[in-house]
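Reviewing the structure listed below.
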Amino acid sequence: MTDATAQLVSELYVHDWLHLLGISLMYWDFLVTLDDEINFLWKRACSARAYWFFAVRYSGLAGNIPVTVFTFYTIPAKRCYVYHAGHQVVLVGTQIIVSIVMLVRIHALYGRNIRLLVSLIIISLPLLAVIFWSVTGQQSAVVLGFRGCHTSMLQSSAYHLAAAWEALFIFDSLMFGLTIFKTYSTWRRTGSEASNLPIHTLILRDGAVYFAAMALANLFNILTFYLSGPILSGSLSTFASCVSVTMMARLMLNLHKTADAGSGLVTHLDVDGAVSGGLGSPVVFRDWEENPPSPREEGDPETQRDFVLP
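Those letters in the sequence shown? Residues 1 to 310, per the UniProt record's numbering, in order.
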């Protein structure tokens, strides 16, 4: 075996295991959180929140099944080209679904601010155009003589495809920044003592951590397009997609779990109307300071704090 062949085998080995690392993480988290999913979503009336959750989680679970199969199963070269292109479309499509849910969540956290929503949509449109442009016109070559379906990407195609992940990274970073800003605003309003922090702040802080994890996974994947060779370019795409799906599913389940537990404070759950089409209405949780107020006090802004979830 020549040095070039040995290096190729090593890169293919790393490529396959990076794929499996992301998939294993996502399926492991699915099994760990399945009980919560059944209790908080399947056993309750269907809502827009449930549909968004299912879209995020099961697009990731179903879309990555071919990756598991064709990573080790050899198919004809012509079909391998189709699989490679389809795989990129599925990965980016899953990321777009996650991004839509992120936008819905930010819209809810900011009190369904229409100006913010319109601004985010306007910002998202050129990013979406870049994504669609990026996933077309790729040039790659099938790596023959080895088990599984593998492609070698030209450097120009690597830069071309990196643009899609860069657009997603910009959006993730924007969502992270908006979440941090909201967390800081809440902290300034409620004070710095931990005992004075409302449950709203905890949820915001958790959301910021999840969004940061998504952005970092995308950033590491972007670096592979510029710093790796033809085989390992984009080798963290599956991992980045699986991290995004896992983090968003975790975030949504934690929101349900927090609302259900309430730490003895959440006494009322109100859905602002049925959600149909569009972005829908968020859930409103009312957090009472001490004891539940009497009907006369229920509308008193001094005795309740509202926070919204998508």
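Backbone N, C-alpha and C define an ideal beta-carbon position, used for all residues, glycine too.
Beta-carbon proximity check, residue i vs residue j, cutoff 8 Å
i, j, result
"Val101", "Val135", "no"
"Leu251", "Tyr210", "yes"
"Thr224", "Gly234", "yes"
"Ala77", "Leu144", "yes"
"Lys182", "Asp36", "no"
"Ile23", "Asn64", "yes"
"Thr94", "Gly148", "no"
"Phe53", "Ala249", "yes"
"Ile114", "Ala167", "no"
"Phe146", "Leu12", "yes"
Bounding residues of the alpha helix (DSSP H) (the contiguous stretch that carries residue i)
i, result
"Ala50", "48-63"
"Ser140", "Note, Ser140: premise wrong, no alpha helix (DSSP H); beta strand (DSSP E) at 140-142."
"Ile97", "77-109"
"Tyr13", "3-37"
Residue i versus the options, residue with shortest Cα-Cα distance
i, options, result
"Cys80", "Gly22, His150, Ile231", "His150"
"Ile121", "Gln138, Phe132, Leu103, Leu109", "Leu103"
"Trp133", "Ser24, Leu144, Arg188, Ser157", "Ser157"
"Ser140", "Arg189, Leu21, Lys257, Gln88", "Gln88"
"Gly98", "Lys257, Ala259, Ala240, His84", "According to the sequence shown, residue 98 is Val rather than Gly. With distances taken between Cα atoms, Val98 lies closest to Ala240."
"Asn218", "Gly229, Gly207, Leu232, Ser237", "Ser237"
"Leu91", "Asn221, Ser228, Leu227, Ile231", "Asn221"
"Tyr58", "Tyr27, Tyr226, Leu21", "Tyr27"
"Cys242", "Leu117, Ser119, Leu21, Ile180", "Leu21"
"Ser185", "Leu109, Ile123, Gly229", "Leu109"
"Asp260", "Arg44, Ser10, Ala6", "Arg44"
"Pro230", "Met153, Ser119, Glu11, Val142", "Met153"
"Ser124", "Trp42, Ala164, Thr5, Gln7", "Ala164"
"Val82", "Ala4, Trp187, Ala62, Val142", "Val142"
Segment limits, beta strand (DSSP E) that includes residue i
i, result
"Val130", "No beta strand (DSSP E) holds Val130; the alpha helix (DSSP H) holding it covers 114-134."
"Thr151", "151-153"
Proximity test, residue i beta-carbon vs the ligand ATP heavy atom, cut-off 7 Å
i, result
"Val142", "The ligand ATP is not among the ligands present in this structure, which contains no ligands whatsoever."
Contact belief for residue i with residue j at Cβ below 8 Å, rounded distance in angstroms
i, j, result
"Phe176", "Ala208", "6 Å"
"His19", "Val67", "6 Å"
"Val14", "Leu232", "7 Å"
"Ala85", "Gln138", "7 Å"
"Leu25", "Ile106", "No, Leu25 and Ile106 are not in contact; Cβ-Cβ is about 25 Å, not under 8 Å."
"Thr71", "Asp16", "5 Å"
Check whether the region 154-173 touches the region 210-221, counting contact only when three or more Cβ pairs, one atom from each stretch, lie closer than 8 Å.
Three or more beta-carbon pairs drawn from the region 154-173 and the region 210-221 are found closer than 8 Å, and the two stretches are therefore classed as touching.
Determine contact between the region 14-31 and the region 42-54, defined as no fewer than three beta-carbon pairs at a distance below 8 Å.
With a cut-off of 8 Å, the region 42-54 and the region 14-31 do not count as touching, because too few Cβ pairs lie within range.
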